[in-house]
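Per this note's numbering, the sequence shown starts with residue 4, numbered consecutively. Contents: one structure, followed by commentary.
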Amino acid sequence: MVKGKKSIVKFVIDCTQPVDDKVLDVASFEKYLHDRIKIGGKTNALAASNVTITRDRTKLTVASPTELKFSKRQLKYLSKRYLKKQQLRDYLRVVAASKNTYELRYFSIAAGDDEEEEEAEE
């Protein structure tokens, strides 16, 4: 029996918009995820189970072996908790941009502006 290369699944959290506006610090977000991601119901088990968190200037990448069945949903949950802790939850939301990517976006408030303009014209 020949052993193949272990497959890895990567999840990306794209924080481009808030980082460009200097609203979010990617380093503290990375530390938050590192401290709180659970593997098998236990925190601080990332190294033992070969899960890595890497960061670019505006993106965090969580790489996990496929056999762990790491949950993308857990990343969304932790991202939302981090935003709540930083009191940014009212301004930012976590949106699935693709199958393995989450993106932090601002709420679009353009819909409310149109109603105010209509009322002003009357």
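Where a beta carbon is used, it is the ideal one built from N, C-alpha and C, also for glycine.
Buried versus exposed, by CB contacts within 10 Å (16 or more), residue i
i: V65; result: buried
Rounded separation between residue i and residue j - CA only
i: N47; j: V54; result: 11 Å
i: T57; j: K87; result: 23 Å
i: T104; j: V29; result: 16 Å
i: R76; j: V15; result: 12 Å
i: A113; j: S31; result: 31 Å
i: L63; j: T19; result: 10 Å
i: F73; j: I42; result: 8 Å
Delimiting residues of the alpha helix (DSSP H) encompassing residue i
i: S82; result: 75–88
Min CB distance residue i to chain B below 9 Å
i: D28; result: Structure shown: chain B not included; a single protein chain is present.
Residue i - containing beta strand (DSSP E), residue span
i: I42; result: Here I42 belongs to no beta strand (DSSP E), and DSSP marks it neither H nor E.
i: K62; result: 62–68
i: I56; result: 55–58
Any chance you could list the alpha helix (DSSP H) runs of at least 4 consecutive residues sitting entirely within the segment 9–33, in chain order? 19–23
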